[in-house]
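Worksheet for the structure shown next.
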Amino acid sequence: MPSAAPMRTLAVIIASLSFGALGLSCSGGTSADSPPATNLPTVVVTYSVLAAVVGDLVGGTADVVTLIPDGQDPHDFAPSAKDVETINDAVFVVANGLHFEEGLDGLLGKLRDADGPVFFVGEHIAVRNMAEGDDHVADHAATDPHLWLSPGAMLEMLPALATELGTALNTDLTAALNAVSADLTALDTEIDDIMAQVDNCKLITGHDELGYFADRYNCELLGAVIPSSTTTSEASAGGLAALKEVIDEHDAKVVFVGLGTPQAVSAQIVKETGVRLVELSTHVMGSVTSYADFMRLVANQLADALK
Ligand SMILES: [Zn+2]
1 MPSAAPMRTL AVIIASLSFG ALGLSCSGGT SADSPPATNL PTVVVTYSVL AAVVGDLVGG
61 TADVVTLIPD GQDPHDFAPS AKDVETINDA VFVVANGLHF EEGLDGLLGK LRDADGPVFF
121 VGEHIAVRNM AEGDDHVADH AATDPHLWLS PGAMLEMLPA LATELGTALN TDLTAALNAV
181 SADLTALDTE IDDIMAQVDN CKLITGHDEL GYFADRYNCE LLGAVIPSST TTSEASAGGL
241 AALKEVIDEH DAKVVFVGLG TPQAVSAQIV KETGVRLVEL STHVMGSVTS YADFMRLVAN
301 QLADALK
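Okay, here's the thing in structure tokens:
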């Protein structure tokens with residue numbers, strides 16, 4: 001029988017090995033002594049921009065997996081059998097909701113109905129309604145899902161997320177919540193300063209995607225190539241005629257386009273009105289890796305084109 005002292009030492013070594021594995025989620029050890037990184041609990045987040053915020057909150061306590069590959073349009077994503085498995089195996093799932101991830105509505109709804117661990121950000125913020133006349137597609141699209149384009153909305157939902165996620169991970173996320181909240185508050189001020197460079201912020205976009213941003217930073221939404229809260233709607237002849245009138249009336253110079261904006265239609269608008277197209281990444285991270293850089297890039301591109 002070993003004496004008590006070596007047993008205690010062994011317990012300390014095992015404990016420190018476990019903590020080491022937690023801290024280094026990218027270490028590739030797979031032996032029994034050094035558990036693989038996949039032993040960390042998996043938190044699935046539907047899209048990349050939201051995943052960046054969730055990643056800041058959980059730090060090294062979980063593996064954050066982004067379901068919809070960055071670069072794909074989240075409005076228009078259909079899950080594979082493997083994606084279904086990934087969601088079902090997750091300790092916790094974070095989704096936007098408000099019908100943003102249209103192709104995941106059924107799957108996430110089933111998870112919710114079964115009291116599964118799913119958090120819809122849209123249930124924890126003041127939801128923006130689409131302006132009357134903006135959206136003729138369907139009643140369920142009458143609310144605006146583009147909440148991540150305001151750090152204020154992220155701040156609003158964060159306490160509830162930290163509580164639910166902390167319970168699922170059996171970890172106290174209070175310190176992380178405070179740190180991320182402070183960062184988001186500073187980011188909000190920074191973007192306010194960037195947009196203050198624009199005297200008269202009037203926006204024409206690919207679809208109706210900058211509502212939360214416009215409400216927060218005093219911009220006016222003039223119109224959109226696809227006058228809808230989703231890229232799965234289509235541009236119409238009537239809508240385009242109305243948009244051309246708006247461009248003339250306000251002497252607009254720029255249309256901000258992106259993922260899901262039909263190129264042929266944008267080209268037609270350029271030809272008929274002489275506006276300039278500016279590519280804006282509002283739904284995917286693209287070249288940046290943090291939420292703060294994502295928002296800075298959006299704000300700087302808007303300000304540079306409009307000032
Ligand atoms: Zn959108």
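Just so you know, the numbering used here puts the end of the sequence shown at 307, numbered straight through with nothing missing. Idealized CB from N, CA, C, for every residue including glycine. In this text, all values refer to a predicted model and were calculated from it rather than measured experimentally.
By the 10 Å Cβ neighbour count, where 16 or more other Cβ atoms means buried, how is residue i classified, buried or exposed?
i: residue 276; result: exposed
i: residue 71; result: exposed
i: residue 249; result: exposed
i: residue 152; result: buried
i: residue 95; result: buried
i: residue 238; result: exposed
i: residue 84; result: exposed
i: residue 304; result: exposed
i: residue 199; result: exposed
i: residue 208; result: buried
i: residue 101; result: buried
i: residue 287; result: exposed
i: residue 231; result: buried
i: residue 206; result: buried
i: residue 196; result: exposed
i: residue 227; result: buried
i: residue 294; result: buried
i: residue 114; result: exposed
i: residue 175; result: exposed
i: residue 81; result: exposed
i: residue 264; result: exposed
State yes or no: is the C-beta of residue i within less than 8 angstroms of the C-beta of residue j?
i: residue 254; j: residue 225; result: no
i: residue 91; j: residue 42; result: yes
i: residue 146; j: residue 260; result: no
i: residue 222; j: residue 203; result: yes
i: residue 267; j: residue 191; result: no
i: residue 262; j: residue 235; result: yes
i: residue 272; j: residue 244; result: yes
i: residue 201; j: residue 218; result: yes
Identify, in the order they occur along the chain, each residue of the same chain with its Cβ nearer than 7 angstroms to the Cβ of residue i, setting aside the five sequence neighbours on each side.
i: residue 160; result: 124
i: residue 216; result: 150, 152
i: residue 64; result: 43, 45, 51, 54, 55, 58
i: residue 290; result: 52
i: residue 172; result: 166
i: residue 181; result: 155, 158
i: residue 194; result: 299, 300, 303
i: residue 270; result: 277
i: residue 73; result: 231, 259, 260, 283
Please return the same chain residues whose Cβ sits closer than 8 angstroms to the Cβ of residue i, not counting the five positions on each side in sequence.
i: residue 79; result: 67, 87, 103, 104, 107
i: residue 143; result: 98, 99, 122, 127, 128, 129, 130, 229
i: residue 93; result: 43, 44, 45, 46, 87, 108, 111, 116, 117, 118, 119
i: residue 246; result: 204, 222, 223, 252
i: residue 49; result: 148, 283, 284, 285, 291, 294
i: residue 169; result: 41, 43, 58, 61, 62, 91, 92
i: residue 89; result: 42
i: residue 183; result: 56, 292
In its own chain, which residues sit with a C-beta less than 6 angstroms from the C-beta of residue i, not counting the 5 before and 5 after it?
i: residue 111; result: 118
i: residue 301; result: 280
i: residue 296; result: none
i: residue 278; result: 254, 256, 305
i: residue 137; result: With a pLDDT of only 47 at residue 137, under 50, the local geometry of the prediction cannot be trusted, and no value is derived from it.
i: residue 307; result: 197, 198
Confirm the yes/no value for this check: CB of residue i, any heavy atom of ligand 2, distance under 7 angstroms.
i: residue 209; result: Annotation note on ligand 2: not contained in the displayed structure, which lists ligand 1 as its ligands.
Notebook entry, point to check: Between the stretch 179-196 and the stretch 163-171, do three or more beta carbon pairs fall short of 8 angstroms?
Noted result: No, the stretch 179-196 does not touch the stretch 163-171.
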